[in-house]
Amino acid sequence: MAPGEAAEDRPRRIVAPVTPADRLFRSGLRAAGMSVFVIMGLVALFLLLRGLQALRVAGGSFFTQTAWKPGSFGVASVLPDGVMIAVVALLIAVPVSLTTAVFISEYAPLWLRSFLISLVDLMAAIPSIVYGLWGLVFLQPNIVGLVRWMALHLGGFLPFLHVPEADIPSSYTSSTFIAGVVVSLMITPYITSLSREVMSQAPRGEREGAYALGSTRWGMVRSVVLPYSRGGIVGAVMIGFGRAMGETIAVALIISPNFSVTWHVLQNGANSIPSLIALRFGESDDLGLSALMAAGLVLFALTLGVNVLASTIISRSRTGAATAD
Amino acid sequence: MTDADLAPTVQMPAVQAATATGTHGLETRAVSAWFGERKVLDRVSLTMPAGQVTALIGPSGCGKSTYLRLLNRMHEMVRGAGLAGEVLLDGDDVYAPGRLPASVRRRIGMVFQRPNPFPAMSIYDNVASGLKLAGIKVTHQERDELVETSLVRAGLWTEVRDRLKTPGGALSGGQQQRLCIARSLAVSPDVLLMDEPCSALDPTSTRRVEETIELLRGRLTIVIVTHNMQQAQRVSQRCAFFLASHDTPGRVVESGPTEQLFDSPRDERTSDYVNGRFG
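Now the structure itself:
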């Protein structure tokens, strides 16, 4: 051993002492953080326990039965019908939201930008019952003409736009499509706000790099802003999907419940799990209530799955991960 | 194509073209600049001769970066930015009404202080990105050749030739900066502006970038902002010394051939600055 050399060339134990105040603060934060898991777990547990009775009675048929009546119930029609409302909502909301977000973050003059941002936030704050009433009283009577036109002119070659009983005016109301339009208005502010936030964070250096190459503004948006925000946009869309799946009262107001899978989105009759729960809750017996809880559990699992997927995508993208400043 | 094939074709014209026509000079006439109410540049008139390297030197905050950015109309992208005077490329005002900023920037490229490659794009796509952004149509083969020549000229080809498809963001800082130079060269600009291109780089990378500048001299007109006096002396033929004080905007104290500015400056302040007595 050379003189002056330390006795052992092994990693030392490195200790950073924690003060009592620090420990207290940390445990407080930890408790708050854990409460999220606890609440989520309790909700799932509650739904599972309350739904178990119905799941035992129905067994596997809970996922294949389309009807919903005492003794015979399942999510095989309400679940896909609800997904279709959400899909219609996304088909409308995504293009509207993304173009709005690009406009606000990249094109709008400063004064208009802050105005639009607060307007979009305001749009998210409107209670869903208001959207529902507006959809029922104003939108539906006014959009029927367009629905009819689409059914007559496009229904021939796009089967999902076909309406069987085309002569009866009421065939065109209370449909998946109209519910989807209303829901699209409700999720548009979320998708717009989340994706605008991400777009505005696209690094200035890269933006200037694109401009310095002789890029137009749109070229810059396409080569810098959109690639940078892709992850955040996917996340925003999925969060919008989750919200669309969970929307209750606006959908319940508009649809006329229907318990067969409705592939014709313009046709009268639609359904979704939340509106089923809302509409049936008051009139159900023990088993019926349990069945609604089980349906709620299915919805819970689906939206949880979608959100986990969304957050995974966001965290793997540049938007969520550290950027190469 | 091997390096041996390329080396002569790349270096020879660089030497010859110093006197060649086809390169384009830049000139400013009484250019002033403002940010809001604050005037940051005062009537700067400079000539940046075609095919030469002009260095802009001066202490921080003297307006030399602002001056550089107004040459290719990046200045106006800052909110509240104002401008007076004329910037002439081949005698034509780049701020003439009806002249698109994008078309000006296509001819006057820029390399920034911080390397800013597009991190998600591959090395190849980074170099080719300007073609797409500027709407220049080329065949596949032309693009391959352009990417290669641009990378050769930027002194990066031998380091990346085997991994052109890997992301540009994965390169080292010095390589990223040379990638940005290659990206600028791919759209064949007449002028290349460099805003302290080596200030974020280690000495070895700095040397490579300086070699690149040496290689490009004669092919295009280069204007470089630098805080490094030795660098200014090494790479430039002409030099302009900017100075601002507390209450006056930046102006050019002295400009001329680099040798003259460093060896026999006319102004005492220039002499103090280039000899490291202030700034």
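As you go down the protein sequences, you meet chains S and G in turn.
For the first sequence, UniProt numbering gives the first residue as 1, with consecutive numbering after it.
For the second sequence, UniProt numbering gives the first residue as 1, with consecutive numbering after it.
Even for Gly, the Cβ is constructed at its ideal location relative to N, Cα and C.
Nearest Cα to residue 255/G within the set 249/G, 208/G, 265/G: 265/G. For residue 295/S, the closest of 14/S, 44/S, 22/S by C-alpha to C-alpha distance is 44/S.
Take residue 61/G, set aside five residues on each side of it, and the residues of its chain with a beta-carbon closer than 7 angstroms to its own are 244, in chain order. Secondary structure of residue 137/G (DSSP, three-state): coil.
Annotated three-state conformation of residue 259/S is coil, per DSSP. In the structure shown, the three-state DSSP call for residue 286/S is helix. Residue 225/G has its alpha-carbon roughly 16 angstroms from the corresponding atom of residue 212/G. Any Cβ of chain S closer than 8 angstroms to the Cβ of residue 105/G would place that residue at the interface, and such an atom is present.
Within the same chain, and ignoring the five residues on either side of residue 229/S in sequence, the residues whose Cβ sits closer than 7 angstroms to its Cβ are 195, 198, 199, 202, 319. DSSP places residue 165/G in the coil class of the three-state scheme, outside both helix and strand. Residue 276/S has its alpha-carbon roughly 12 angstroms from the corresponding atom of residue 283/S. The residue among 285/S, 304/S, 310/S, 316/S with its C-alpha nearest the C-alpha of residue 51/S is 285/S. Contacts with chain S at 8 angstroms (Cβ-Cβ) do not include residue 98/G. Here the alpha carbon of residue 167/G sits roughly 36 angstroms from the alpha carbon of residue 243/S. In terms of CA proximity to residue 129/G, 223/S leads the group 171/S, 100/S, 141/S, 223/S. Considering only beta carbons, no part of the region 198–222 of chain G lies closer than 9 angstroms to chain S. The beta carbon of residue 97/S does not come within 8 angstroms of any beta carbon belonging to chain G, so the residue lies off that interface.
Across the set 99/G, 247/G, 55/G, 217/G, the C-alpha of 55/G shows the shortest separation from the C-alpha of residue 233/G. A check of alpha carbon separations from residue 35/G across 24/G, 122/G, 27/G, 70/G identifies 70/G as the nearest.
Of all residues in the region 66–87 of chain G, only 72, 74, 77, 79 place a beta-carbon less than 8 angstroms from a beta-carbon of chain S. Counting along the chain, the unbroken alpha helix (DSSP H) around residue 22/S starts and ends at 20–58. In this structure, the straight-line span from the alpha carbon of residue 268/G to that of residue 110/G is close to 32 angstroms.
Put simply, the CB of residue 227/S is near chain G, with a gap under 8 angstroms to one of its CB atoms. Its Cα nearest to that of residue 106/G, the residue 215/S stands out among 100/S, 266/S, 215/S, 91/S.
The beta-carbon of residue 102/G is placed less than 8 angstroms from the nearest beta-carbon of chain S. At a cut-off of 8 angstroms between C-beta atoms, residue 35/G does not count as an interface residue with respect to chain S. Here the alpha carbons of residue 235/S and residue 86/S stand approximately 15 angstroms from one another. Taking 8 angstroms as the cut-off between beta carbons, the residues of the region 207–222 of chain S near chain G are 208, 209, 210, 211, 212, 213, 214, 215, 216, 219, 220, in sequence order. For the region 127–153 of chain G, residues whose beta-carbon sits nearer than 7 angstroms to a beta-carbon of chain S comprise 129, 130, 133, 134.
Annotated three-state conformation of residue 228/G is coil, per DSSP. The beta carbon of residue 171/S is closer than 7 angstroms to those of 163, 165, 267, 268 in its chain, skipping five residues each way along the sequence. Spanning the alpha carbons of residue 311/S and residue 297/S requires a straight line of approximately 21 angstroms.
At the C-beta level, residue 305/S and residue 70/S stay beyond 8 angstroms of one another. The beta carbon of residue 31/G lies closer than 6 angstroms to those of 44, 85 in the same chain, with the five residues before and after it left out.
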